[in-house]
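Line order of the protein sequences matches chains A and B.
Quick note on this note's numbering: the first sequence kicks off at 1 and runs consecutively.
Quick note on this note's numbering: the second sequence kicks off at 1001 and runs consecutively.
Every residue gets a Cβ at the ideal spot worked out from N, C-alpha and C, and that includes glycine.
Fair warning: this is a prediction, and the values are worked out from it, not measured in the lab.
Data first, discussion second: the structure below is written as structure tokens.
Number of protein chains: 2
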Amino acid sequence: MAQQERAIRTRKVVLDAAGAVFAEQGYSATTIAEILKRAGVTKGALYFHFPSKQDLARGVIEQAVTEPPREEELILQSFVDMGLELAYRLPREPVLRGAARLAADQGAPDFFGTPWPQWAYRGEQLLNKAKAQGEVLPHVDAAVTSRLLVGSFTGLQLVAQSEAGAESFQELVSRLYDHVLPAVALPGVLMQLDTSVERGALLAERKPHKQEAMS
Amino acid sequence: MAQQERAIRTRKVVLDAAGAVFAEQGYSATTIAEILKRAGVTKGALYFHFPSKQDLARGVIEQAVTEPPREEELILQSFVDMGLELAYRLPREPVLRGAARLAADQGAPDFFGTPWPQWAYRGEQLLNKAKAQGEVLPHVDAAVTSRLLVGSFTGLQLVAQSEAGAESFQELVSRLYDHVLPAVALPGVLMQLDTSVERGALLAERKPHKQEAMS
């Protein structure tokens, strides 16, 4: 394996381990020693990529802003797809779980940010594009609607985690779109949008995602 | 002051102090010593009401489930009022801030619960009543819609906290209702609902709430 390729792989292994430990323990209780143990890399390798716990948290947050969704014929479908795919992947990928936990760790985000502004900005761009294509009701403010969805998504994850046996997180996100889209989409567009839970899995599987470490 | 009255007052002072400290520091970093200092009561008085930190957290959570909103002619207005009033009061009242932080403290709610199930249940009851009065679209599932709103409310609070200068929490909650109600209310009812930010303040002020400790 070429040196550069090895470095990329190490970085990925470390971020997966860091994501898993942050997700389980939160920022303040996490130790670099635990991440090292989980990643199974040398101390030198870890510190080469991430000189501090704060850098590890930043790395996890940055990694959690995934590639944009594929453009569908209806741009509003791409907007919905962002959330459906993330709701499917979040419980399954340590980096995403870690980022979600870090973002909800009050106080701590001052040190390493959250993925929220990027997620919200991406949604805003899609909504504006959808508006330009005439898919969106005229009074919709793309920035506000996108922030609302990012915030709601985050809260639903917390509520779903805390209540075993209730609707799953994925189910709640799908219902969130059903509730919000009538206030966003033109009626003719609304009818064509797929907000089903199953779509999240299809989207996640058709993309060649990086291999995920078991955790 | 009669003994019982003094006991009620002490309990309230302790819960306000506990709410403020939990809100600032989260569950695990909070110490009873800090709450004692903030409350300015004796150790004996505090332990009489709350034998452990876990009991303090439970007390804060229970206290955060406030009295139901006044019944309006449209029951859907009462449903909206719950959230508008809470969004106004939450940043202003230590017990509510503490409960919100505790609920979002992952892992910790296993020890002391969250106010979410009660909030969701109260919303569900109102929605069912509104349905019986013919205010609600026929396909609405009261339990799901209420849980969605509780989860979204929680997430919006986190997002609003993390972004200074953006829309306030109250503003976001008001916009949340604007987005969700078209999927819930019959069109003729929808037109009559007041989701304005100002309504939250009016609701909070017309009720005789307990005096809040400064914190």
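Item to check | Residues of the region 125-156 of chain A with Cβ closer than 8 Å to any Cβ of chain B, in chain order | outcome: V144, T145, R147, L148, V150, G151, S152, F153, T154, G155, L156
Checklist entry - Beta carbon of F1153(B), beta carbon of V1173(B): below 8 Å? => result In the second sequence, counting from the first residue as 1, residue 1153(B) sits at position 153. In the second sequence, counting from the first residue as 1, residue 1173(B) sits at position 173. Yes, these two residues count as a Cβ contact at 8 Å.
Item to check | Integer Cβ distance of T1145(B) from L1127(B), believed to fall under 8 Å | outcome: As a first step, residue 1145(B) is located in the second sequence; it is residue number 145 there, counting from the start. As a first step, residue 1127(B) is located in the second sequence; it is residue number 127 there, counting from the start. 6 Å between Cβ atoms; contact.
Item to check | CB of Q1106(B) within 8 Å of CB of Q106(A), strictly | outcome: Counting from 1 along the second sequence, the entry for residue 1106(B) is found at position 106. Counting from 1 along the first sequence, the entry for residue 106(A) is found at position 106. No, they are not a contact pair.
Item to check | Span of the alpha helix (DSSP H) around S152(A) | outcome: The residue labelled residue 152(A) in the question sits at position 152 within the first sequence. Its alpha helix (DSSP H) spans residues 142-162.
Item to check | Other residues of its chain near E1124(B): CB distance less than 6 Å, five sequence neighbours each side excluded | outcome: The residue you call residue 1124(B) lines up with position 124 of the second sequence. Only A1142, A1143, S1146 meet the Cβ criterion.
Checklist entry - Would you say L186(A) reaches chain B, if we count a Cβ-Cβ gap shorter than 8 Å as a contact? => result Working through the first sequence from its first residue, we reach residue 186(A) at position 186. No, no contact with chain B.
Checklist entry - Assuming A1020(B) and R1038(B) make a contact with CB atoms under 8 Å, what is their CB distance in whole Å? => result In the second sequence, counting from the first residue as 1, residue 1020(B) sits at position 20. In the second sequence, counting from the first residue as 1, residue 1038(B) sits at position 38. Sure, about 6 Å apart at Cβ, within 8 Å.
Next on the checklist: For the region 170-185 of chain A, list every residue whose C-beta sits within 7 Å of some C-beta in chain B, in sequence order.
Outcome noted: L172, R175, L176, D178, H179, V180, P182, A183
Checklist entry - Does the distance from the CB of L76(A) to the CB of L156(A) come in under 8 Å? => result One-based indexing of the first sequence puts residue 76(A) at position 76. One-based indexing of the first sequence puts residue 156(A) at position 156. Against a cut-off of 8 Å, the Cβ pair of L156(A) and L76(A) comes out as no contact.
Next on the checklist: Does the region 1182-1198 of chain B come into contact with the region 1044-1063 of chain B, if we say contact requires no fewer than three beta-carbon pairs (one atom in each stretch) closer than 8 Å?
Outcome noted: no
Checklist entry - So, do the region 1070-1089 of chain B and the region 1041-1051 of chain B have three or more beta carbon pairs nearer to each other than 8 Å? => result no
Checklist entry - In terms of alpha-carbon separation, which member of F1079(B), V1150(B), E1171(B) lies closest to E1135(B)? => result To locate residue 1135(B), count along the second sequence from 1; it is residue 135. Ranking F1079(B), V1150(B), E1171(B) by Cα distance to E1135(B) puts F1079(B) first.
Next on the checklist: Counting only C-beta atoms, is L190(A) closer than 8 Å to chain B at any point?
Outcome noted: Mapped onto the first sequence, residue 190(A) falls at position 190. Output row for L190(A): interface = no.
Item to check | Inter-residue Cα distance where the pair is E1171(B) and P1051(B) | outcome: As a position in the second sequence, residue 1171(B) is number 171, starting the count at 1. As a position in the second sequence, residue 1051(B) is number 51, starting the count at 1. So the two alpha carbons sit approximately 39 Å from each other.
Item to check | Beta-carbon neighbours of Q1004(B), restricted to chain A and to distances below 7 Å | outcome: Locating residue 1004(B) in the second sequence gives position 4, where the first residue counts as 1. Residues of chain A passing the Cβ test: none, with the nearest at roughly 35 Å.
Next on the checklist: Looking at the strands, I want to know which residues DSSP matches up with V1136(B).
Outcome noted: Numbered from 1 along the second sequence, position 136 holds the residue referred to as residue 1136(B). Paired residues: A1185(B).
Next on the checklist: Tell me which residue opens and which closes the alpha helix (DSSP H) that E1085(B) is part of.
Outcome noted: Taking the second sequence and counting its residues from 1, the one referred to as residue 1085(B) is at position 85. Taken as a continuous stretch (DSSP letters only), the alpha helix (DSSP H) holding E1085(B) covers 1075-1089.
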